[in-house]
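Just below is one structure, and these are the notes that go with it.
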Amino acid sequence: MRAPSQSDIAAGEVLLAVENVSLSFGGVHAIRDVSFDIRKGEIRAIIGPNGAGKTSMLNVINGFYTPQRGKITFRGQTRSKMRPHDAAAGGIARTFQNVALFRGMSALDNIMAGRTLRMKRGLFWQMLRFGPAMKEEVEHRLRAEEIIDFLHIEHIRKVQVGRLPYGLQKRVELARALAMEPDLLLLDEPMAGMNLEEKEDMSRFILDVNQHFGTTIALIEHDMGVVMDLSDRVVVLDYGRKIADGTPEDVKQDQAVIDAYLGVAH
Amino acid sequence: MANKAAAEANTFPKLLIHNARVRGDKPALRHKDLGIWQIWTWSQVLEEVRAFSAGLESMGIKRGDKIAIIGANKPRLYWAICAAQALGAVPVPLYADSVADEMAYVLEHAEVTVAVAENQEQVDKILSISERVPKLTHLIYDEPRGLLDYDHSRLTWINDVIKAGRERLEDPAMRERWEKTVAEGKGGDLAIILYTSGTTGRPKGVMLTQDNVLISARNGNLFDHLGENEEVIAYLPIAWVGDHIFSFAQSYVAGFCVNCPESGETVVEDRREVGTTYAFAPPRVYENLLTLTMVRMEDAGPLMRGMFNFFIGHARKWGEKILNKEKVPLGARLIYWLGEILVYGPLKNRYGLSRIRVGYTAGEAIGPEIFKFYRSLGINLKQLYGSTEASVYITAQPDGEIYADTVGKPNIGVEVKVDDNGEVMFRSPGVFLGYYKDPEKTAETKTPDGWVKSGDAGFFDPKTGHLKIIDRAKDVGRLNDGTLLAPKYIENKLKFYPNIKEAVAYGDKRDFVAVMLNIDLVAVGSWAERNNVVYGSYQELANHPRVYEMIEKHVDEVNRSLVEEGPMAGAQIKRFLILPKELDADDGELTRTQKVRRGFIAERYNSLVNGLYDGSKEADIRTEVTFEDGRKGVIAARVKIVDMKTVPVPNAMGKAA
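Respectively, the protein sequence lines represent chains Z and F.
For what it's worth, the working numbering labels the leading residue of the first sequence as 26, then goes sequentially.
For what it's worth, the working numbering labels the leading residue of the second sequence as 8, then goes sequentially.
Take a look at the structure:
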């Protein structure tokens, strides 16, 4: 599978669209009337200053939060709210801003956990680990190993995740999300807290995932340099509103974006 | 009978065919991939190599062509060596971690026409210099990841080459032709060109013939009684002569199995799974393993630590004697036996050395403490002295004749002598043909009657008959007062402390000896953690007053031991400093085999060297560093210089006598 070119994306099929979504917690308006779409095969970045509503937006897409108003269309199916298990079953995987792994389990087991939805045999068979269940386990393990190879984490395969440095934990989390073979991958600040080298590695992996598996990726990121290099299109939020949407070049020159990031005199 | 047939096989492709016939079902190669050891038997390897070779032929490769091989220890890259040789072409392995510029030089100098690269990283490097190497017309890659979108007009996936070869071989005439080409190979044919990284100047291409490599490998096997049941792990750079002999040549000659690890980071784990019986590593590997063990033991519980210290202490006392089959009291044997169950066994299992029969260290001097540590655990670690120009083997320690400070006796078929200037010279069937396209350098190194100047100063120890190496011949110098100075000897003494990673000693034509040091970040970092020393960067840690105090103690101990040893007592260290940056091969400060380039470092850190000799208490340095992606940055620092009190020489016994 190959990553589509810029022109493919412009004309591309819409994988997920949010329309006029608003979300508030009591009197706090986290998201106000935001609409945008994510097209198949692209890397779509959601950026904005602190508190702009980026993670809330991701949580709405993921079904973690229920918006008060608005619609979400995923693969042609429109609903007013998404539920996390529908999202997962529908092919949406995600990683978290603060790594959310099973800390007591090995990297491999964490990744295998990502395969749970794809297991066909029931709990009974799985417990027996025999016959068809064993065969299935082997297939899943193969997929998990391919991802381990892909992300270069062979050396920590059997290491307890809690003992790993932060950068590697982030990589294991990405591996678990990939193990779901998602159509849409949501990454919440994949490079937060990383050093330059780790950031470069992670960028490489994100591009490779997009190219190799053809996975559509939506990512939130603070590091502007990374965003501009990686993404095909960028949507910018500020105080819950969408203030810009377009290619990195367009967004960079948008006055509203510059004001939001640098501040303006009132 | 089989041996006679093997003896008639005078090239590696012929040996492969022989092995496939004699031990076709025995594993020849394993590679851990996707978490599972994949196995190829000798007949399968033959089948792959033959197809690969035919594929190369269909790309126009013919006798005498040069094929570059760049990457880590992967099965297909090893097959590329034999596949090229089968056609009479010459493989030229390159160091995978060399930067594009170094690669361009070798590719151009060797007139390489086809390169086999492991992955995107290597392909990118070659593409970036492609206009400098017009003769290089085709690239073959092993790992397709990330390369799908590249222009494939000059780029081919290795599997496609093998497939094309397989189809070509379906025609019996082609098969016959391939076999004929192999049969035409002679022992005197050029087998491989290995570029030595060299401590000075451009790398030189050492040409080795089939006979050189093959006879050396056979003699090496004889020396250590290696048979077809050995297991080795291939993890050292394939461009290094050591890896070529140990992971390729000796395996083909003896028929034993080579294991390719999953990745560079999994070597220890993979070695443990395989249970290697024959191992080879530069001292650095053993040092790292020991440092890691010691650091972990510091963090272990008191019971574990106590047990470890007790039994390691016991092994220090008796272990070597037991290994050397000397007389040992029953009580000591019993405690050692208990230690084997509780500490030594589990430790050896961790290192992946449970089944080890012969282990070598070579390339540089190993610290006597480290050497003795491994031997006391019952690991038959030995020292070897070799060079690329000798197809590795010059001298090695025979079983049972192990001394920490010698490199052993001449190997089978090797003659060694020390010339009038103290330089070691050797002659053997493994002696190289010459440097590629450099008859001048060849003539400087190799005499018409086949003796090669090793460039090392050494002498035969009268007590043991073993060779001792003290330094590079050209590096041995004298202080202004005439005292003999072997800088490496002093550097090695310093490096034997786990806290000191690298040392550079100066003193030739100067009034006294001064050194610049690198701290070991793992050991000193762990020490800092335990002692609540706070630091933000390598530079800060290196400049910490308490680190200086600790290092000062080490330097003082080195001075004391120099005095004890007599002849070098005048070469004590008077001043030292700790460098604010780790010496790095990417900056040209170390060779690719991690040896310090003293002259280059002196130029680069000129202001520091001046500071060492003009008596100042501090010196400033600004220097450029190269990051792995090729970008450059600047390090600026003010470095403290410490004066040492020298140990008084006990009323010069030498002079009195």
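Backbone N, C-alpha and C define an ideal beta-carbon position, used for all residues, glycine too.
Margin query: Just to confirm, is the Cβ distance from residue 485 of chain F to residue 515 of chain F under 8 Å?
Written below: yes
Next item on the list: Quick one: residues in its chain with C-beta nearer than 7 Å to the C-beta of residue 55 of chain Z, no 5 flanking neighbours on either side, listed in chain order?
Entry: 48, 49, 78, 81, 265
Next item on the list: Determine the DSSP secondary structure at residue 27 of chain Z, reduced to helix, strand or coil.
Entry: At residue 27 of chain Z, the pLDDT of 46 sits below 50, so the modelled position is not reliable; the number obtained from the coordinates is stated separately. Reduced to three states, the DSSP call for residue 27 of chain Z is coil.
Checklist line | Nearest residue (CA-CA) to residue 96 of chain F, options F:87, F:539, F:104 | finding: F:87
Item checked: residue 135 of chain F: first and last residue of the uninterrupted alpha helix (DSSP H) it sits in -> It spans 127-135 - the alpha helix (DSSP H) in which residue 135 of chain F sits, taken as one unbroken run.
Next item on the list: Could you please tell me which residues of the segment 264-284 of chain F, in chain order, have their CB closer than 8 Å to any CB of chain Z?
Entry: 269, 270, 272, 273, 276
Check: Which same chain residues, not among the five before or five after residue 625 of chain F, have their C-beta less than 8 Å away from its C-beta?
Finding: 618, 645, 646, 647, 648
Next item on the list: Output yes or no for whether 8 Å exceeds the beta carbon distance between residue 354 of chain F and residue 384 of chain F.
Entry: yes
Check: Hey, how far is the Cα of residue 659 of chain F from the Cα of residue 561 of chain F?
Finding: Its pLDDT being 46, under 50, residue 659 of chain F is placed unreliably by the model, and nothing is read from it.
Margin query: Can you pull out the residues from the segment 165-176 of chain Z whose beta carbon lies closer than 8 Å to at least one beta carbon of chain F?
Written below: 166, 167, 170, 171, 173, 174, 175
Margin query: On a Cα-Cα basis, can you pick out the residue from F:287, F:599, F:628 that is closest to residue 585 of chain F?
Written below: A check of alpha carbon separations from residue 585 of chain F across F:287, F:599, F:628 identifies F:628 as the nearest.
Margin query: So, at 8 Å on beta carbons, what are the nonlocal neighbours of residue 374 of chain F in its own chain, with the 5 sequence-adjacent residues on each side left out?
Written below: 290, 294, 499, 502, 503
Margin query: For a contact defined as C-beta to C-beta under 8 Å, what are the partners of residue 182 of chain Z on chain F?
Written below: 42
Item checked: Pairwise C-alpha distance: residue 84 of chain Z and residue 27 of chain Z -> Its pLDDT being 46, under 50, residue 27 of chain Z is placed unreliably in this model, and the value from its coordinates should be taken loosely. If I take the Cα positions, the gap works out to 28 Å.
Margin query: Give me, in chain order, the residues of the same chain whose beta-carbon lies closer than 6 Å to that of residue 202 of chain F; leave out the 5 immediate sequence neighbours on both sides.
Written below: 113, 210, 212
Next item on the list: Could you check the C-alpha separation between residue 8 of chain F and residue 16 of chain F for me, to the nearest Å?
Entry: The predicted position of residue 8 of chain F is uncertain, since its pLDDT is 42 and thus under 50; a value taken from the coordinates is nonetheless stated next. Each residue's alpha carbon lies about 13 Å from the other.
Next item on the list: Please state whether DSSP places residue 518 of chain F in a helix, a strand or coil.
Entry: coil
Notebook entry, point to check: Ends of the alpha helix (DSSP H) at residue 620 of chain F?
Noted result: Segment 613-620, the alpha helix (DSSP H) holding residue 620 of chain F.
Check: Terminal residues of the continuous beta strand (DSSP E) containing residue 465 of chain F?
Finding: 459-467
Check: Helix, strand or coil: how does DSSP classify residue 422 of chain F here?
Finding: Three-state DSSP puts residue 422 of chain F in a strand.
Notebook entry, point to check: What residue from F:111, F:224, F:103 has the CA that sits closest to residue 119 of chain F's CA?
Noted result: F:111
Check: For the segment 375-403 of chain F, which segments carrying the beta strand (DSSP E) assignment without a break, of at least 3 residues, lie completely within its bounds, in sequence order?
Finding: 388-394, 399-403
Next item on the list: Measure the Cβ-Cβ separation of residue 73 of chain F and residue 117 of chain F and say whether it is below 8 Å.
Entry: yes
Notebook entry, point to check: Taking Cβ to Cβ, would you say residue 154 of chain Z is nearer than 8 Å to residue 162 of chain Z?
Noted result: yes
Note to self: Cutting at 7 Å between CB atoms, please list the residues of its own chain near residue 312 of chain F, excluding the five before and the five after it.
What the structure shows: 304
Next item on the list: Could you spell out where the alpha helix (DSSP H) holding residue 277 of chain Z opens and where it closes?
Entry: 273-278
Next item on the list: Using 10 angstroms around the beta-carbon of residue 360 of chain F, count the other beta-carbons present and answer buried if the total reaches 16, otherwise exposed.
Entry: Taking all protein chains in view, the Cβ of residue 360 of chain F is crowded by 16 or more other Cβ atoms within 10 Å, so the residue is classified as buried.
Note to self: Do residue 200 of chain Z and residue 221 of chain Z have their beta-carbon atoms positioned less than 8 Å apart in this structure?
What the structure shows: no
Notebook entry, point to check: How should residue 541 of chain F be labelled, buried or exposed, when 16 other C-beta atoms within 10 angstroms of its C-beta is the threshold for buried?
Noted result: exposed
Checklist line | At least 3 beta-carbon pairs within less than 8 Å: the segment 225-238 of chain F vs the segment 38-54 of chain F | finding: no
Check: When you compare only the Cα positions, how much space is there between residue 43 of chain Z and residue 120 of chain Z?
Finding: 20 Å
Check: Helix or strand or just coil, what does DSSP make of residue 631 of chain F?
Finding: strand
Note to self: Let me check understanding here. Comparing Cα to Cα, which of F:446, F:451, F:401, F:408 lies closest to residue 434 of chain F?
What the structure shows: F:401
Check: Would you say residue 38 of chain Z faces chain F, with C-beta separation under 8 Å as the test?
Finding: No, its Cβ sits nowhere closer than 8 Å to a Cβ of chain F.
Check: Would you say residue 37 of chain F faces chain Z, with C-beta separation under 8 Å as the test?
Finding: no
Notebook entry, point to check: Buried or exposed: which applies to residue 260 of chain Z, given that a residue is buried once 16 or more other Cβ atoms fall within 10 Å of its Cβ?
Noted result: buried
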